[in-house]
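Numbering (numbering that gives the first Met the number 0), first residue to last: 0 to 324.
We put the CB at the ideal spot given by N, CA and C, even for glycine.
See below for the structure under consideration.
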Amino acid sequence: MGTNNSPRTEVEGAIDALNSSDSDLRIMLFGDKGTIEEELEKYEKTWPVERLSISHAPEKVLVEDSPAKVLRRKPKSSIVVGLKTLKIGELDAFISAGSTGAVMAGALLTLRPLKGVDRPCIGTVVPTAKGPLLLLDAGANVDCKPHQMTQFAGLGKVYAQDLMGIENPKIGLLNIGEEPEKGNEVSLATFQALKASHLNFVGNIEGGSILDGSCDVLVCDGFVGNVVLKFYESVANFISNLFKEKLGEESRSTDLKEIFRVLDYTETGGAPLLGVNGVVVICHGGSPPKAIRNAIGVAEKAVKSKMVSHFVEEIDSFSEKGMFL
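The structure is reproduced here in structure tokens:
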């Protein structure tokens, strides 16, 4: 649980995922059991009921709760119970629309970072003129060192291969100019580290070129990444609302609906937390059922592709080349 309209959003999203899945997908809902059961009663049993279960987690993580203290103070919250269930192997993936900080802190303390990963990062997919772009870090680490951002690039490479189907993803570094000598000390050092790596590094990418599609994975620190993400979401909403306001019924045309679909963040579902020992997907608190359904799809694909194992292999390859010594 955790969305603004919990548990309705999570329940509906889970049912949609079960009804649309052609696999043996199983879903466990974490939250107040009575409330979830009451919500489930509102729906016709069109889904395979034996594949949907509930784990009682009555405590709620509030906005004012310190993310670092949730694990100890709210042990019966859906975030804590869910992450612990993932750790002991009773889940293959965990999805939450609750407090991003609490999910991150809980994942770091419960699952731990993968060996060799200094700091896990959040990746988020945004559309460009040439296809999807993975932006990372999108908010987990506001201050980063060059070797950490180089690790982000390695994690992003694996995600792009496994979930986006890009064999040799192009890696870009978000900067204030294309020239190698542009940027602050961290950017300059990160540029050189990426250039020396085995990655398909295409150089610096300016803010005005993010949506051109010149790279598949765009690396930055979490402070910049989160600002970019929030600005993109606000622009997407602005454009959608502007079309609807100015065109009225004409905005319902097939072509415009496709534009709105491309701009809609709910199409990507959620943002994966990359670099922890498990598949964790973080959803927006304002997510509708469609976003939850799509986040489940992202998690399912990550599990089937053995993404976490591929992360380990990628980080090992960095270590073998002495990248982080």
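**Request:** Would you tell me roughly how many angstroms separate the C-alpha atoms of residue 62 and residue 141, rounded to the nearest one?
**Result:** 20 Å
**Message:** With DSSP as the reference, identify every bridge partner of residue 27, one or two as the case may be.
**Reply:** 52
**Request:** Find out if the Cβ-Cβ distance for the pair residue 284, residue 1 is shorter than 8 Å.
**Result:** yes
**Message:** Distance check for residue 110 and residue 317, CA to CA, integer angstroms please.
**Reply:** 22 Å
**Asked** Quick one: is residue 151 near chain B, going by C-beta distance under 8 Å?
**Response** Of the chains in the structure shown, none is chain B; there is only one protein chain.
**Message:** Just list the residues that DSSP pairs residue 270 with in beta bridges.
**Reply:** 281
**Prompt:** Exposed or buried, which one is residue 128 when buried takes at least 16 other CB atoms within 10 Å?
**Reply:** exposed
**Item:** residue 5, DSSP secondary structure in three states
**Value:** coil
**Request:** Would you check if there are 3 or more beta carbon pairs closer than 8 Å linking the region 264–277 to the region 72–81?
**Result:** no
**Presumed contact (8 Å Cβ cut-off) between residue 50 and residue 26, rounded CB distance** = 7 Å
**Item:** Own chain residues within Cβ distance below 6 Å of residue 90, not counting five before or after
**Value:** 84
**Message:** Counting beta carbon pairs with one atom in the region 179–189 and one in the region 154–161, are three or more of them shorter than 8 Å?
**Reply:** no
**Prompt:** Which word fits residue 237, buried or exposed, when buried means at least 16 other C-beta atoms lie within 10 angstroms of its C-beta?
**Reply:** exposed
**Message:** To the nearest angstrom, how far is the alpha carbon of residue 271 from that of residue 95?
**Reply:** 10 Å
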